[in-house]
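Engineer: The listed protein sequences derive, respectively, from chains A and B.
Position one of the first sequence corresponds to residue 785 (the working numbering), numbered consecutively onward.
Position one of the second sequence corresponds to residue 901 (the working numbering), numbered consecutively onward.
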Amino acid sequence: MFQVTLQHFLVLSAILFSLGVYGIVTRKNAVMVLMGIELILNAANINFVAFAKFGNFGFGGQMYALFVIVLAAAEAAIALAIVLNIYKTFTNVNIDEIDNLKE
Amino acid sequence: MSESLLVNLSIAILFLPLLGFATVVIWGKRFPKLYLLEVGIITVAFLISLFVMFAKLSYFPKDIISEFTWITLGNAPNDGVINIDLGIKIDNLTVLMLFVVNLISMLVHYFSVEYMHGDKRYTRYFSYLGLFTFSMLGIVLTHNILMMYIFWELVGVSSYLLIGFWFEKKSAADASKKAFIVNRIGDIGMFIGILILFTNYHTFTFDTIFEQIKNGVIPFGNNAWLTAAGILIFMGAVGKSAQFPLHVWLPDAMEGPTPVSALIHAATMVAAGVYLVTRIFVLLTADAMLVIAVVGAFTAFVAATIAITQNDIKKVLAYSTVSQLGYMIMSLGVGAYAFAFFHLVTHAFFKACLFLGSGSVIHAMHHEQDIRKMGGLKKKMPLTYATFLISTLAISGVPLTSGFLSKDGILAGTLAFGKLTGHWLIPILAFTVAGLTAFYMFRLVILTFHGEARDHHKFDHAHESPKLMVTPLIILAALSIFIWYTPNPIGADNGWFLKSWVKTPHQVTPDETRFSFMVEKQNHEVSKEEHGEIVNSLEYTETMHWAHYKAMFGSLAVAGLGILLSFMFYQWKKIDADNLANKIKALYNFSLNKWYLDELYDATAVSGTLNTGKGLSWFDQKIVDGAVNGSAWLTRFTSKLSGLFDTYVVDGLVNFSALLSGFVGLNFRKLQTGKVQTYVVFVVFAVIILLIFFKPF
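Here's what the structure looks like:
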């Protein structure tokens, strides 16, 4: 029968990561960029859990995955607050137009 | 009364005038009346010195020395610890000089109060007098030759200040410079002499030096060095006491105020040279003494011949001072030590009187100094005339005066010296000078006071000077009478001055370097006491006795002849002076122009110095300045080169690196888009590249 191995998880994780990077790099909207970051974080989570299942580490991987989920929630909250402030300042959230750092 | 009291009083006498000087010089401008303080201080100093003199002469037969170590030079190999001591020595000579200096200084202060009245630097004048008195008292009191040298220079300075007191007059400014520079020439010799003594004896104290010479320690082991030391120190006296050939400054010094001439350039400072020679008398060898005697005799003669033809009242007195100083020096040279000091004291009084008298005349004649324009002043100024006449009699050596006694002693000394050594030229010159002195002094008196007035305008305004000016004259004239020095008017040998106050010390030089008559012989030790030590050997004393009456009658004869001739020429006009002068024009001009000595010095020393100066200035301008300018040019050239290197090479490098980094920066700033997504792309690629390079798997 079809055996699900570590490679499958890693490939899934890699695809998810690539999708995240693609989202970050191509989207204009800051919210979409944040969503890309969520994808990358979850790709990392899949890796943690996969290695925990196939490696002999106890529950360390699952614990880290839980931490990452909490962290992602906090990050999303702060990042959305920042985006809200950016919107207040620039009246949009298009990150290619926010390049004041250049000056 | 103890010795320490005398020491303390002497120190008080020394420093009182300095206090006066300091006070008046600092506050004199604000309080013009402060000159009274200076006059008061000098009066107090005089009273103390009067007390010290009587105390010392009556109760302290021994010398009092008080000293302390000033500088310790440390331990010298072979010579032990070398100290420089300062201190004072109070012996009979000191207290007599204290009295003379303070008395004349005080009288001159009083005289000046009237004489200098209305001068614009009135208070300053009195402060200078205080400075001078301080310095002179220092010379008198010191017990070592270093302090003497210091005070020696101080009197030089105060003399310089006072000669140039009216420095607006070019002649006065020049005279003060001349006096200072000519004195310096003598002082160089004196300084070398002092160093010869210090090198060998490691002390400046007179008595210690003499003690060592007596014990047979000779400088550099050679008697010639002892002679040299004596003559070199004597050079200081040649400068200060205006001996030939350095006498030229003293007549010019008459540019100063007349009371100053009386105090400094007649009575006290110029006598400092004589005082110095009396202090070092015991270390003089026969050769040194002969040199001193010849210099003194020649000076006396030169000055007397010049004085005959001078027409300025002060110039006549100045040359007579030079002449009399020559007498004293000569007297020391022939070994008549006590008479030299005796003459110093008597001369101080009658010469101060003469100078102050001339000041009184000049004051009355509204600063006319030419005796050809005076005459007949006897009626107008009886007191000045009387005192002037007494002093003139004293300087001419007429009996019953102090000058007769001292001069007679000196003449006897020279006569004895001539007999004992065969140097007859010295007594011949001495007697000639005695005659000349009587002649020119009476010429001065007759032209000034006798006969008819030659300048009626000035004569009519002439008047006797005020009391404050006449009183000092009377005191000084009174001191020119014999009674103060000895009860016997024709011989001073047994008077208290020579018998108990001033005694000739014994030479300390090795026997073989002395005149044979100055060597002490054993069997003469007893008789020395009887003879009162007027001179320091029996043989000399006996010869002096032999010479005494010869000298007396000889001096009476030449003085009488001089006075007679003077009356024939100027009073009775039996001989026409102008006619005679025309007949011996060459001699007359030689004398009138002071032996052409000033011209000679101008032609040799002065122009020599000027030419050397010019040569050095040429060297300076062409060679030294050339070298300096050359090096400056070189420096400028190299700095220009390095400037160019700086501008083009160093700055070029700096600018290039700046340009380069600017260029790089301009290009790389394009990477910084400010867009987050671009950065993310860079990060991703960078990670990929890093992974490829480091291959963790």
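Note that beta-carbon positions come from the ideal geometry of N, C-alpha and C, so glycine has one too.
#1: If contact is defined by three or more beta carbon pairs under 8 Å, each pair taking one atom from either stretch, is the segment 1568-1584 of chain B in contact with the segment 804-814 of chain A?
#2: Whole angstroms are fine: how far does the CA of T1348(B) sit from the CA of Q1210(B)?
#3: At which residues does the alpha helix (DSSP H) containing F968(B) begin and terminate?
#4: Taking C-beta pairs closer than 7 Å, name the residues in chain A that V1580(B) reaches, listed in chain order.
#5: Can you have a look at K1279(B) and say buried or exposed, based on whether 16 or more other CB atoms are within 10 angstroms of its CB?
#6: Assuming D1087(B) is part of the alpha helix (DSSP H), what are its boundary residues?
#7: V1584(B) touches chain A at which residues, Cβ-Cβ below 7 Å?
#8: If you follow the beta strand (DSSP E) that V981(B) is part of, which residue opens it and which one closes it?
#9: Considering S1455(B), what are the terminal residues of the alpha helix (DSSP H) in which it resides?
#10: Which of helix, strand or coil does DSSP assign to T789(A)?
#11: Using the three-state DSSP reduction, which class does T875(A) fall into: helix, strand or coil?
#12: Relative to chain A, which residues along the segment 1557-1576 of chain B have a C-beta separation below 8 Å, given in chain order?
#13: Flag this pair as yes or no: are the beta carbons of L1465(B) and F1331(B) separated by less than 7 Å?
#14: Any beta carbon of chain B sitting closer than 7 Å to that of I799(A)?
#15: Quick one: give me the first and last residue of the alpha helix (DSSP H) that R1343(B) is part of.
#16: Looking at I1213(B) and Q1269(B), is the spacing between their C-beta atoms short of 7 Å?
#17: So which residues of chain B does I879(A) contact, with C-beta pairs closer than 9 Å?
#18: Can you give the Cα-Cα distance for F1120(B) and A976(B), rounded to whole angstroms?
#19: Using 8 Å as the cut-off, can you tell me whether the segment 1148-1159 of chain B makes contact with the segment 1182-1200 of chain B, which would need three or more C-beta pairs spanning the two stretches below that distance?
#20: So, M1036(B) versus V1001(B), is the Cβ gap smaller than 7 Å?
#21: If you reduce the DSSP assignment to three classes, tell me which class I1381(B) lands in.
#22: Whole alpha helix (DSSP H) runs in the segment 903-963 of chain B with 4 or more residues, listed along the chain?
#23: Please name the residue, chosen from G1513(B), I1290(B) and T1371(B), that lies closest to S1260(B) on a Cα-to-Cα basis.
#24: For chain B, check one thing: does any of its Cβ atoms lie closer than 7 Å to the Cβ of N869(A)?
#25: Under a Cβ-count criterion, where at least 16 other Cβ atoms within 10 Å of its own Cβ denotes burial, should K1483(B) be classed as buried or exposed?
#26: What I want to know is whether the C-beta of I879(A) ends up closer than 6 Å to one or more non-hydrogen atoms of the ligand FAD.
#27: So, at 6 Å on beta carbons, what are the nonlocal neighbours of M1452(B) in its own chain, with the 5 sequence-adjacent residues on each side left out?
#28: Spatial neighbours of M1274(B) within its chain, please: CB distance less than 6 Å, with the 5 preceding and 5 following residues excluded, ordered by chain position.
#29: Give the secondary structure of N1002(B) by DSSP, where H, G and I count as helix, E and B as strand, and everything else as coil.
#30: Going by CA-CA distance only, name the one from F786(A), Y871(A), D883(A) and A828(A) that's closest to L796(A).
#31: Looking at chain B, is there any beta carbon in it that lies within less than 7 Å of the beta carbon of V852(A)?
#32: Where does T1105(B) sit, in a helix, a strand or coil, going by DSSP?
#33: Give the straight-line distance between the Cα atoms of G1432(B) and L1061(B), rounded to the nearest whole angstrom.
#34: DSSP three-state label for T1168(B), please.
Structural biologist: This is what the structure gives:
#1: yes
#2: 13 Å
#3: Unbroken run through F968(B) is the beta strand (DSSP E), I964 to A976; no alpha helix (DSSP H).
#4: I808 and V809
#5: exposed
#6: Where D1087(B) is concerned, the enclosing alpha helix (DSSP H) starts and stops at K1070 to Y1101.
#7: Listed along chain A are V805, each with a C-beta nearer than 7 Å to that of V1584(B).
#8: Boundaries of the beta strand (DSSP E) harbouring V981(B): G980 to I990, taken from the DSSP string.
#9: L1438 to S1466
#10: coil
#11: coil
#12: Q1572, T1573, G1574, K1575 and V1576
#13: no
#14: no
#15: L1325 to F1349
#16: If you check the CB distance, Q1269(B) and I1213(B) come in under 7 Å.
#17: K1575, V1576 and Q1577
#18: 17 Å
#19: no
#20: Yes, the Cβ-Cβ distance between M1036(B) and V1001(B) is below 7 Å.
#21: strand
#22: 903-927 and 935-959
#23: For the residues G1513(B), I1290(B) and T1371(B), the minimum Cα distance to S1260(B) belongs to T1371(B).
#24: no
#25: If you draw a 10 Å sphere on the C-beta of K1483(B), you find fewer than 16 other C-beta atoms in it, and that means exposed.
#26: The ligand FAD is not among the ligands present in this structure, which contains no ligands whatsoever.
#27: D1308
#28: For M1274(B), where only same-chain residues beyond five positions count, the Cβ hits under 6 Å are T1348.
#29: Correct three-state label for N1002(B): helix.
#30: It is A828(A) whose Cα lies nearest to the Cα of L796(A).
#31: Answer no: the Cβ-Cβ gap between V852(A) and chain B never drops below 7 Å.
#32: Three-state result, T1105(B): strand.
#33: Bear in mind that the predicted position of G1432(B) carries a pLDDT of just 45, short of 50, making it unreliable; the figure below should be weighed with that in mind. Taking the straight line joining both Cα atoms gives about 43 Å.
#34: coil
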